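Q: Input: one structure, supplied below.
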Amino acid sequence: MFKINSILFNQVFKSSILSETVKCNNFLLKQCANIHCFEPPKPVDSSDWPDNRKLRVVEKQPFFDTKPPKLPKMLRLLRGPEEVHTDLVYKQYGVKALLGGRMKHTNFEAVRRIIFKKLDTSRMFAFWRVEPPWQPMTKKGVGKRMGGGKGSAHHYATPVKAERIIIELGGNLDAHEARKILGPVAEILPFPARFVSQKYLDDEREKEKLIKENNTNKFTMEYVIKNNMGGCQKWLSPYDYKWFGKYK
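Just so you know, the sequence shown maps onto residues 14 to 261 in the working numbering.
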């Protein structure tokens with residue numbers, strides 16, 4: 014930024030108001046104007062939009078008629094890629110998990126508050142693509158001795174796999190506006206996530222398919238593991254043989 018004497022600038026500018034350029038001390042100011050023609054977003058048919066356009070408040074824990082059951086950790090629900098909920102229902106925008114993790118009720122509430130402040134329900138809608146917290150996470154009290162069985166349920170969480178769609182946003186809006194809404198959401202989740210659109214998902218899959226078909230370099234992670242190069246099989250887990258280092 015250059016600091017220009019306002020009095021001197023006004024005098025020089027008034028004396029040469031009709032000229033194309035204005036010389037002020039050692040600075041050369043050029044007058045210019047641009048004409049921008051931005052295409053408006055294509056209108057979306059609102060007949061199939063959900064009735065409730067806001068994110069609903071999820072329950073802290075599921076309802077039980079009897080004593081809540083205790084479940085194991087079930088880490089298999091966090092490992093590997095998601096195979097079902099990987100596409101956007103309305104083919105617009107959403108947030109995708111990059112790694113597996115668990116969402117607690119506090120994470121659901123933080124996401125809902127961010128969306129609530131920025132969502133214009135007259136032309137937008139948002140909805141969850143994950144279940145409310147249902148898996149009990151047990152914990153023993155502070156200072157308790159080990160033993161005595163499994164602790165009581167401390168809170169409930171929702172397990173999420175990699176590549177799963179967490180939340181979806183749609184309506185009459187463009188990608189720039191959707192990124193402003195969903196960008197902060199992806200940053201506060203307890204696992205790595207990112208903003209995606211249906212076009213991005215299609216391009217990403219097409220790119221992976223193209224690389225796999227046209228790759229001439231045989232030195233891949235799959236080739237290294239299957240041929241036990243450097244004795245690597247001694248350090249691998251069974252999941253490395255299944256996903257070849259792409260997922261945990």
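Here a beta-carbon is modelled for each residue, glycine too, at the ideal position from N, C-alpha and C.
Everything numeric in this text was worked out from a predicted model, so none of it was measured.
Using CA coordinates, which residue listed in E219, P203, L68 is at the minimum distance from F129?
A: L68
Q: Mind checking which residues open and close the beta strand (DSSP E) that includes K174?
A: Neither: K174 is in no beta strand (DSSP E) and is coded neither H nor E.
Q: Should F121 and P63 be called a contact, given that it needs their Cβ atoms to be closer than 8 Å?
A: no
Q: Could you check whether the region 160-174 touches the region 81-100, counting it as contact only if at least three pairs of C-beta atoms, one from each stretch, sit closer than 8 Å?
A: yes
Q: How is G93 classed by DSSP in three states: helix, strand or coil?
A: Residue state for G93 is assigned as coil, using DSSP reduced to three classes.
Q: I'd like to confirm the pairing. Which residues does DSSP put opposite R207 in its beta bridges?
A: Residue pairing from DSSP places R207 in a beta bridge opposite K109.
Q: Thinking just about the alpha-carbon of each residue, which of K86, I178, K104, N230 is nearest to the one in R142?
A: Selected option, being the one with the closest Cα: I178.
Q: What do you reckon, is the C-beta of F208 under 7 Å from a heavy atom of the ligand MN?
A: No copy of the ligand MN appears in this structure; indeed no ligand is present at all.
Q: Compare the C-alpha of R89 against each of G258, K259, Y252 and name the closest.
A: Y252
Q: Suppose only complete runs of 4+ residues qualify. What are the alpha helix (DSSP H) ranges in the region 107-168, listed by chain order?
A: Unbroken alpha helix (DSSP H) stretches of 4 residues or longer found wholly inside the region 107-168: 118-131, given in chain order.
Q: Tell me the DSSP secondary structure of G258 in three-state form.
A: coil
Q: Which residues share a DSSP beta bridge with E181?
A: Beta bridge pairing from DSSP links E181 with G107, F140.
Q: Look at the Cβ atom of A188, then the Cβ atom of Y106, and state whether they are nearer than 8 Å.
A: yes
Q: Taking 6 Å as the limit between beta carbons, can you name the residues of its chain near H118, skipping five residues before and five after?
A: K73, P146
Q: Under 8 Å, do K83 and K163 count as touching if we go by C-beta distance?
A: yes
Q: What number of angstroms, rounded off, separates the C-alpha of A170 from the C-alpha of R126?
A: 19 Å
Q: For my contact list, A206 and K109 are in at a C-beta cut-off of 8 Å; report their separation, rounded to the angstrom.
A: 6 Å
Q: Using a 10 Å radius around the Cβ and a threshold of 16 neighbouring Cβ atoms, would you call F232 buried or exposed?
A: Residue burial is scored here from C-beta neighbours: F232 has fewer than 16 other C-beta atoms within 10 angstroms and is therefore classed as exposed.
Q: Whose C-alpha, out of K247, N227, N240, V209, is nearest the C-alpha of L101?
A: V209
Q: Measure the C-alpha to C-alpha separation of P81 and H168 and round it to an integer number of angstroms.
A: 11 Å
Q: According to DSSP, is I30 helix, strand or coil?
A: Note that I30 scores a pLDDT of 45, beneath 50, so its modelled location is shaky and nothing firm can be said.
Q: Assign L186 to buried or exposed, taking buried as 16 or more other Cβ atoms, counted over all protein chains shown, within 10 Å of its Cβ.
A: Buried is the label assigned to L186, since at least 16 other Cβ atoms lie within 10 Å of its Cβ.
Q: Considering only C-alpha positions, which residue in the set D133, M116, Q148, K43 is nearest to F77?
A: The option with the nearest alpha carbon to F77 is Q148.
Q: Under the three-state reduction of DSSP, which class applies to K43: helix, strand or coil?
A: strand
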